[in-house]
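Residue numbers (this note's numbering), protein chains in the order written: chain H, 44 to 300; chain L, 2 to 153. Take a look at the structure below.
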Amino acid sequence: MTDVLRLTGALSLKMLAVFGRAFLLLLQMLRHIGVLATRFPLFVQQLFVIGVLTLPIILVAAVFVGMVLGLQGYNTLVDYGAESSLGLLVALSLTRELGPVLGALLFAGRAGAALTAEIGLMKSTEQLAGMEMMAVDPVYRILAPRFFAGIVALPLLVALFNVVGIYGGHLVGVDMLGVNASAYWSGMQQGVSFYDDVINGVVKSMVFGFVISWIAVFQGYDARPTPDGVSRATTMTVVASSLLVLGLDFVLTSLMF
Amino acid sequence: MHKPIVEIAVGLFVVAGLAALLFQSIRVGSFNGDSVDDPYTVHAYFDNIGGLKVRAPVTMAGVNIGRIRSIKLDSDTYRAAVELSISGDYSNLPLDTSAAINTQGLLGEQYIALEPGGDPAFLKDGDRIRLTQSAIVLENMIGQFLFGGKGE
């Protein structure tokens, strides 16, 4: 009995310690926001690695998501003779939910995992320790640019995801199934409001970018410096950020809409 | 580290992302309408426009030929003043064309259907469509049906 209690207690303390370290790292990174100005090329380099290299998977996924939405939406709406609302359905579901959430999940799998593995390997090969020896703060030089690049990259990726998805829906709905093209666009314009839907989608994706980058950077920095430790940290990044994105999405949706 | 190709790619990425946001605000969100080529404007007054909205399509024989530019209440006659913006490709509509507010499907959005008349003169920019038919308000029809049924 005492063993069980002791185990529970030890586990809780360990988790609390992890949260504490994560918050301390976040504060350190936020303090180094100046890196954006002083070391701008570093930030651009990370924006390339995190943002541009994630583009292909985001765009391909968006086309197919849009096409599926177009097809499913059409089949459902045509029974009620309301296929002119197809554009509205596609655009609203993309800007509000699917764009930010699917974009974030793909981003966690593609960019988050890469971030964790990279930083974890740097730690296990003692590159981070070497930097500290040379009086270079790894949080400033390595972590902060990646963290801020993640926050900037995801909203841009999600915006592209939405637009490509809407054209995917257009491809199936208008070009293949014959919905009136102007009904597709005008239904969209009547139903989607810029502030309530588009801006809230951007806010959502910024929150997701923040969460994913934070988890990825922290997991890499906090990984045990062994092959096993890095592999665990990478897994943890994907699992934790995916679950947190889905959970946060519910909270944000109930707050916004 | 500072390869120009990287910076160019990032620049493209950022510009494309911002363009996508702009696209969403203009094309997807309600900022601006689908533009009609070289449009001319005609006016029509309706007793009741039902659920007609700005930017709804204007059709003739089912073909989209324009869209609704604005809807206002005329404070003299207490009728709805609707401005139709019609594509310049269709500048040969007869002067006695009539306009009716129809619904796409049972629950679809409402639009204006134009019915050509026989007048040899054509509608010009700023003209008024005289023959109009109001929207059918479903609730009124149900009410009439119910009361009509009781009377018999």
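We put the CB at the ideal spot given by N, CA and C, even for glycine. The model shown is predicted, which means the values in this text are computed figures rather than measured ones.
Own chain residues within Cβ distance below 8 Å of residue i, not counting five before or after
i: L/A122; result: P95 and L96
i: L/T42; result: R70, E84, L85, S86, I87, D126 and G127
i: H/F86; result: V78, L79, P188, F191 and A192
i: L/F32; result: Residue confidence for L/F32 is low, a pLDDT of 46 falling below 50, so the modelled location carries little weight and cannot support an answer.
i: H/R49; result: none
i: H/V250; result: L291 and L295
i: H/M281; result: According to the sequence as given, residue 281 of chain H is Val; it is not Met. If we look at H/V281 and ignore the five residues flanking it on each side, its Cβ neighbours are A151, G152, G155 and A156.
i: H/E169; result: P268
Cβ pair residue i, residue j closer than 9 Å
i: H/V288; j: H/A151; result: yes
i: L/A136; j: L/M61; result: no
i: L/R68; j: H/M231; result: no
i: H/G146; j: H/V133; result: no
i: H/L186; j: H/V260; result: yes
i: H/M176; j: H/R184; result: no
i: H/T159; j: H/T269; result: no
i: L/Q25; j: H/T296; result: no
i: H/L129; j: H/V222; result: yes
i: H/K166; j: H/A172; result: yes
i: H/V179; j: H/L141; result: no
i: H/S225; j: L/N65; result: yes
Inter-residue spacing [alpha-carbon to alpha-carbon] between residue i and residue j
i: L/V59; j: L/T104; result: 12 Å
i: H/G63; j: H/M110; result: 44 Å
i: H/D292; j: H/G94; result: 22 Å
i: H/D310; j: H/V294; result: The question about residue 310 of chain H has no answer here: the residues shown for chain H are numbered 44 through 300.
i: L/L139; j: L/A81; result: 19 Å
i: H/A125; j: H/I209; result: 18 Å
i: H/G252; j: L/S92; result: 52 Å
i: L/Q145; j: L/A101; result: 21 Å
i: L/A21; j: L/L13; result: 12 Å
i: H/E161; j: L/G52; result: 57 Å
i: L/G63; j: L/Q111; result: 13 Å
i: L/L23; j: H/I242; result: 11 Å
i: L/L19; j: H/Y238; result: 16 Å
i: L/T78; j: L/M142; result: 25 Å
i: H/D122; j: L/G109; result: 12 Å
i: H/A60; j: H/L69; result: 14 Å
i: H/V217; j: L/I72; result: 28 Å
i: H/I76; j: H/G155; result: 20 Å
i: L/R131; j: L/K54; result: 20 Å
i: L/L147; j: L/I50; result: 23 Å
i: H/R74; j: H/S256; result: 16 Å
i: H/V246; j: L/L124; result: 48 Å
i: H/T97; j: H/G52; result: 41 Å
i: H/P99; j: H/M58; result: 36 Å
Close Cβ partners of residue i (< 6 Å) along its chain, the five nearest in sequence each way excluded
i: H/M279; result: Q262
i: H/V215; result: M110, G113 and L114
i: L/G118; result: P95, D97 and T98
i: L/E153; result: Model confidence at L/E153 stands at a pLDDT of 46, short of 50, so the residue's coordinates are unreliable; what they give is reported in the following sentence. Cβ neighbours of L/E153 beyond the five flanking positions: none.
i: H/G211; result: V106, G109 and M110
i: H/S248; result: P143, L197, P198 and V201
i: H/L102; result: V207
i: L/D120; result: P95, L96 and D97
Of the listed residues the options, nearest to residue i (C-alpha basis)
i: L/D75; options: L/E8, L/I66, L/D90 and L/Y46; result: L/Y46
i: H/N118; options: H/S225, H/S274, H/G252 and H/M219; result: H/M219
i: H/M299; options: H/N223, H/D240, H/V106 and H/G212; result: H/D240
i: L/P5; options: H/I76, H/M72, H/Q88 and H/A224; result: H/Q88
i: L/I9; options: H/M44, H/V217, H/V92 and H/I101; result: H/V92
i: L/R129; options: L/K54, L/L147 and L/H44; result: L/H44
i: L/V7; options: H/L67, H/P84 and H/G52; result: H/P84
i: H/H213; options: H/L131, H/L96 and H/T51; result: H/L131
i: H/Y227; options: H/L120, H/D271 and H/T81; result: H/L120
Cβ shell of residue i (< 7 Å), same chain only, five flanking positions each side left out
i: H/G104; result: Note that residue 104 of chain H corresponds to Ala in the displayed sequence, not to Gly. L145 and L149, listed in sequence order.
i: H/L304; result: Given a span of 44 to 300 for chain H in the structure shown, any question on residue 304 of chain H remains unanswerable.
i: H/S136; result: L112
i: H/D46; result: none
i: H/S55; result: none
Cβ separation of residue i and residue j, assumed to be a contact under 8 Å, to the nearest whole Å
i: L/E116; j: L/T98; result: 7 Å
i: H/G206; j: H/L90; result: What sits at residue 206 of chain H in the sequence shown is Val, not Gly. Not really, about 19 Å apart at Cβ, beyond 8 Å.
i: L/V15; j: H/L199; result: 6 Å
i: H/I258; j: H/S284; result: 5 Å
i: H/P143; j: H/G234; result: About 18 Å separates the two Cβ atoms, so there is no contact after all.
i: H/Q71; j: H/V254; result: 17 Å between Cβ atoms; not a contact.
i: L/D48; j: L/G89; result: L/D48 to L/G89, Cβ: 30 Å. No contact.
is_contact[residue i, chain B] using C-beta, thresh 9 Å
i: H/T277; result: Included in the structure are the protein chains H and L, with no chain B among them.
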